[in-house]
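First comes the structure, then the notes that go with it.
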Amino acid sequence: MKLIVEELLSYLNGIISWIPGRLGSKLRYFYFSKRLKKIGDNVHFHHGVEIDCFENISIGENCGVGAFAFFSAFGGEIRIGNEVFLNRNVHINASIGGIIDIGDRCLIGPNVVFRTANHNFDSIELPIQKQGHKIDNIILETDVWVASNVVLVGGIRIGKGSVIAAGSVVTKNIPSYSVVGGVPAKIIKKRNEK
Numbered sequence: 001m002k003l004i005v006e007e008l009l010s011y012l013n014g015i016i017s018w019i020p021g022r023l024g025s026k027l028r029y030f031y032f033s034k035r036l037k038k039i040g041d042n043v044h045f046h047h048g049v050e051i052d053c054f055e056n057i058s059i060g061e062n063c064g065v066g067a068f069a070f071f072s073a074f075g076g077e078i079r080i081g082n083e084v085f086l087n088r089n090v091h092i093n094a095s096i097g098g099i100i101d102i103g104d105r106c107l108i109g110p111n112v113v114f115r116t117a118n119h120n121f122d123s124i125e126l127p128i129q130k131q132g133h134k135i136d137n138i139i140l141e142t143d144v145w146v147a148s149n150v151v152l153v154g155g156i157r158i159g160k161g162s163v164i165a166a167g168s169v170v171t172k173n174i175p176s177y178s179v180v181g182g183v184p185a186k187i188i189k190k191r192n193e194k
């Protein structure tokens, strides 16, 4: 019986995800509010949003979730603060474990990837797929802007008010009010420097 209910909910998720316009956004909010761990008022979900493991995901108030955003938290947890905007095709994945915590007033550009897990690959005796994963948290403090096509890996904290340039790969902690860019991302300057 449980399998049948899960399958029916999966179909319902797919149908609701594709209803266009304001009506679709309101239906998605109503439906997701019944399934998410927590959701604030005035959250707008564009079409094509996909969510796995609703019970491990919290979203604050006055947020926007762009088209085709993907959330997965089977083994971990996703926390999104207030007044956060996630652009289209954002991929937030804590499916194997770890926590992704996006602070208040963060702006996330299109095609950004958050991933708490990374493959182990130290042994040359074992295939990579048999070596398991390293799992660690991703924390964004308040008022962070992550531009388009950025990759954020587990084990990082991005300080308050920082800016991550488009196309960067963030592999280390970033101090508050930093502007960073590159692969791997490095500090370009502090925001208050001319």
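Quick note: the sequence shown, position 85, residue 85 per the UniProt record's numbering, numbers continuous.
We put the beta carbon where it would ideally sit given N, CA and C, even for glycine.
Since we're looking at a predicted model, the values are computed, not measured.
query                                                                                                              : result
Buried or exposed by the 16-neighbour rule on C-beta atoms within 10 Å, applied to Gly77                           : For the record, residue 77 in the displayed sequence is Glu; it is not Gly. Glu77 comes out buried.
Spatial distance of Asn42 from Gly103 (CA atoms)                                                                   : 17 Å
Sufficient close CB pairs (3 or more, under 8 Å) joining the segment 78-98 to the segment 118-125                  : no
Gly64, DSSP secondary structure in three states                                                                    : strand
Reference Asp101; option with closest CA among Gly159, Pro175, Leu12 and Phe32                                     : Gly159
Coarse secondary structure for Ile174, derived from DSSP in three states                                           : strand
Cβ pair Val150, Val112 closer than 8 Å                                                                             : yes
Nonlocal neighbours in the same chain, by C-beta distance under 6 Å from Cys63, ignoring five residues either side : Val43 and Val84
CA nearest to the CA of Arg157, picked from Gly167, Ala166, Leu23 and Thr142                                       : Thr142
Same chain, Cβ closer than 6 Å to Thr171, five either side skipped, listed in chain order                          : Val153 and Pro184
When Arg115, Val146 and Leu8 are compared against His133, the one with the closest alpha-carbon                    : Arg115
Rounded separation between Asn137 and Trp145 - CA only                                                             : 18 Å
C-alpha distance - Gly48 paired with Cys106, whole-angstrom precision                                              : 22 Å
Beta strand (DSSP E) runs contained entirely in the segment 12-74, provided each spans 3 or more residues          : 50-52, 57-59 and 70-72
Unbroken beta strand (DSSP E) run spanning Ile96, endpoints                                                        : From DSSP, Ile96 is part of no beta strand (DSSP E); its letter is neither H nor E.
Limits of the beta strand (DSSP E) - the one that Leu126 falls within                                              : Here Leu126 belongs to no beta strand (DSSP E), and DSSP marks it neither H nor E.
Exposure label - Phe71; buried when at least 16 CB within 10 Å                                                     : buried
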